[in-house]
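Novice:
In the UniProt record's numbering, the protein residues as written are 1 to 192.
1. Decide if residue 99 is buried, meaning its Cβ has at least 16 other Cβ atoms within 10 Å, or exposed.
2. Which value, in whole angstroms, describes the spacing of the CA atoms of residue 42 and residue 8?
3. Using 8 Å as the cut-off, can you tell me whether the region 52–71 makes contact with the region 18–28, which would need three or more C-beta pairs spanning the two stretches below that distance?
4. Check each candidate in 155, 156, 168 and 102 and name the one with the smallest Cα separation from residue 122.
5. Skipping 5 residues on each side, what residues in its chain have a beta carbon closer than 6 Å to that of residue 90?
6. Would you tell me roughly how many angstroms separate the C-alpha atoms of residue 49 and residue 103, rounded to the nearest one?
7. Can you have a look at residue 274 and say buried or exposed, based on whether 16 or more other CB atoms are within 10 angstroms of its CB?
8. Return the chain-ordered ranges of every beta strand (DSSP E) run that is complete within the region 16–63 and spans a minimum of 3 residues.
9. If you count every other CB in all the chains shown that lies within 10 Å of the CB of residue 37, and 16 or more means buried, which is it?
10. Using the beta-carbon count (16 or more within 10 Å), is residue 44 buried or exposed?
11. According to DSSP, is residue 111 helix, strand or coil?
12. Pairing CB atoms from the region 52–59 with CB atoms from the region 9–19, are three or more of them under 8 Å?
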């Protein structure tokens, strides 16, 4: 594609460039890693579609250190961040972080792949997140389509969380659900 300045509608370098014909050239946040179904790994993972219209998916992480076949693990529905624009749940850093979190916290994690700006405008990310939470809820009692959730997830202990834009989604969706309690936001890494 011709990268002439006359074809550029918006230039948000070094993140992205939007052309007048709608083409978006991404410069950041495109490094992804596939899931791993390798049972030898501490945390097998897989991508699951939870909606086809619109297409919404989640990456599931199931730690191998399961207590017993009869005990089920709590569930963390995780919303990735970076301003509703950059990166996805398949981003390398998120994949490694959620692998470690699943092992350390002994939780099943579902990381939501919501539609992002600028291709899709808000509230698309919130709508996709709501649809994903409902999809998780459809597995209560072991009645859903996804065996990992049916067999290993205790949906009575479902938590919402994330980073950057993610806590905003988690807070908003939690308020709509009207259940549980909210922990205050935590800021890590700076002294005050």
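Glycine included, C-beta positions come from ideal geometry on N, C-alpha and C.
Specialist: A quick look at the data gives this:
1. buried
2. 45 Å
3. no
4. Across the set 155, 156, 168 and 102, the C-alpha of 168 shows the shortest separation from the C-alpha of residue 122.
5. 32
6. 24 Å
7. It is not possible to answer for residue 274, since the shown part of the chain is limited to 1 through 192.
8. 16–19, 24–26, 45–52 and 55–61
9. exposed
10. Buried.
11. Three-state result, residue 111: strand.
12. no
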